[in-house]
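One structure is given below, encoded as structure tokens.
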Amino acid sequence: MSQDLGTSQTAQEFIASQLELEKEAKEALPYQFDTCTKPLGPLRQAIFACLTCNPPSASDNESSTPAAVCYSCSISCHGEHELVELFTKRNFVCDCGTTRIPSSAPCTLRINESTSQKGNVTGETPAETNKYNHNFSGRFCGCGEPYDPEKEKGTMFQCLGLGTVEDGGCGEDWWHPECLMGLPRPQPSEIASKEEKEELKQPTQGEEATAQPVEEQEDVDEAPLPPGFPAEDDFDHLICYKCVSSFPWIKQYAGQEGFLGPIYYKQPSEGTGGNTTIDEITEDAALPLSTESKKRSAEDDAEVITSKKTKVESKDGVQENVTSNPTNTTTAEDTPLHAKLPSAPSGIFSLFLKEDFRSHICRCPSCFPNLKPHPQLLEEEEAYEPPVSESDNQEAQNGRGGSVGSGSTYERGEALLSNMDRVKAIEGVMVYNHLRDKVKAFLQPFAESGQAVGAEDIKAYFEKLRGDEEGIRLAGAGAGAGAADETSEADGRREQGGH
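What follows is the structure, encoded as structure tokens:
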């Protein structure tokens, strides 16, 4: 038997594989992608950088034009390009079809004003409110490394983004835990070596012992957090050290209710390897930071343990007024919250925010001007999501997608057949049966001899079959006559049943 037969599939296997592919496609692309978001104006939305249309510069001395497109344009207009998912960015307008994108990749979703036709939109003016950072060149974090989901270990965290790059902030960048603390990141070889050592420690006797490492293998992909970094369950949001230093008034909330204690950034001069620089930030209190950060890290760990038990004691006694009076008001009702806060810690650090942090920020007349440019600190942001795809909507409404246009391709075919005119449906089945018999006769010799059916054999057969229109015509005529008789009998039965 030819080796080609080893890759053959039964009809049922083919249908199953197609259903799985369609399921994966729905999970990857759950939303409709027929409408560009540019007419909607600035939105907090998921965007994608197209490195095919806007390749990053080869060196820092060369300039490049950053740009990004919305979810729909990433599929409909740039589906075959190299894309980098940037996740959500606030106040962003899609760049597709503007002067930031080459005219060789027009927007196919918007209406061309010159032709009043859909598609071929190029050269429009981009939004002046869009802000960019190195994410749009495929680089992330303070280390500026490209993100490779196949090689990346551990979790990256997105900053709330108090400031843009022009402000000295990060522009909602994504950060490695080590880079937030100024620590060197473990190299892939180091992680692999550690994994090998862990595997050697696993028991090797018995089936249960050999199966256990397989179950735990999923956890190996998660690189451990560096010492002193908060556990992921302890915070909901992050403000990186760049944004904190650009808007230092936020520092006074470090360690207060709704905020974890400061997580300090260690400069290269403090002996951390020097692989991270912070030229954008200058702090007079940077040198005496090392002993203070170590002390705070140790006390922060103690605070987490004690707060789970009593939620009364606090680090250095700084939080006692806040924890004993969690309602933002103390003895004097007219005393604003910021007046009860201690002096801001010195040094360079990031802030980690709990879910309820917004309810613990002072909004008095003197503090509100600081908050107004940062609405993300006042209320939770909503990100725009395109409408869910029509098939998914119909499936949700109809259970398993019994209506035409919903479900898989196989289910749609069955639905179309069930909704088709009865005579036409019978004609179609008769023609199909005629074609099936002819194809079966064609394949029979191959099955008996064990010879693989080649593409040329199939092509030649169907070219010959297309010339055999007489047989198909006769089958259709016979099907029509049979369908008429059966319909007449069925009508008679319905009439008899009505008496």
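Take the sequence shown: its position 77, counted from the start at 1, is 77 in the UniProt record's numbering, and no numbers get skipped. Note that CB positions come from ideal geometry on N, CA and C, so glycine has one too. All of these numbers come straight from a predicted model, not from anything done at the bench.
- Boundaries of the beta strand (DSSP E) harbouring E85: L83 to F92, taken from the DSSP string.
- Inter-residue distance for L183 and P177 is about 9 Å (C-alpha atoms, whole angstroms).
- In the same chain as H78, and ignoring 5 residues on each side of it, the C-beta atoms closer than 8 Å to its own belong to F48, C50, T52, C53, V69, C96 and A105, in chain order.
- Between I101 and A67, the CB-CB gap stays under 7 Å.
- By the Cβ criterion, the region 233-250 is in contact with the region 349-361, since at least three pairs of Cβ atoms, one from each stretch, lie closer than 8 Å.
- Exclusion of the five residues before and after S74 leaves F48 and L83 as the residues of its chain whose Cβ lies within less than 7 Å of its Cβ.
- When the five nearest sequence neighbours on each side are left out, the beta carbons in the same chain lying within less than 7 Å of the beta carbon of G169 are those of G161, L162, G163, K242, C243 and S246, in order along the chain.
- Judged by DSSP secondary structure, L465 falls outside any beta strand (DSSP E) and instead within the alpha helix (DSSP H) spanning A455 to R466.
- Annotation for C243: the continuous alpha helix (DSSP H) segment containing it runs Y241 to S246.
- Across the set I361, P126, T35 and K438, the C-alpha of I361 shows the shortest separation from the C-alpha of G255.
- C73: member of the alpha helix (DSSP H) spanning Y71 to S76, first to last residue.
- Annotated three-state conformation of C362 is coil, per DSSP.
- Residue state for Q18 is assigned as helix, using DSSP reduced to three classes.
- Within a 10 Å sphere around the beta-carbon of P262 sit 16 or more other beta-carbons, which makes this residue buried.
- When C-alpha distances from P373 are compared across N91, Y265 and P186, the shortest belongs to N91.
- Contact between L341 and Y253 is confirmed by a C-beta separation of about 7 Å, below the 8 Å threshold.
- In this structure W175 is buried. Its beta-carbon is surrounded by 16 or more other beta-carbon atoms within 10 angstroms.
- Between the beta-carbon of C141 and that of D173 there is about 6 Å, and that keeps the pair under the 8 Å contact cut.
- If the five residues before and after H134 are omitted, its C-beta is found closer than 7 Å to the C-beta atoms of G144, all from its own chain and listed in chain order.
- The straight-line gap separating the alpha-carbon atoms of Y31 and A383 is approximately 14 Å.
- Between C94 and C179, the gap from beta carbon to beta carbon reaches 7 Å or more.
- Residue pairing by DSSP places Q267 in no beta bridge whatsoever.
- Each residue's CA atom was taken as its position, placing T99 and E24 some 35 Å apart.
- Taken atom to atom, the span from the alpha-carbon of E222 to that of G171 is near 26 Å.
- Between A58 and F87, the C-beta gap is not smaller than 7 Å, which leaves the two residues out of contact.
- Annotated three-state conformation of N54 is coil, per DSSP.
- Annotation: L160 is outside any alpha helix (DSSP H) and is labelled neither H nor E by DSSP.
- Look at Q45 here: in three-state DSSP terms it is strand.
- Here V429 is exposed, its C-beta having fewer than 16 other C-beta atoms within 10 Å.
- In the three-state reduction of the DSSP assignment, C96 falls in the coil class, being assigned neither a helical nor a strand state.
- The continuous stretches of beta strand (DSSP E) do not include L180, which lies in the alpha helix (DSSP H) extending over residues P177 to M181.
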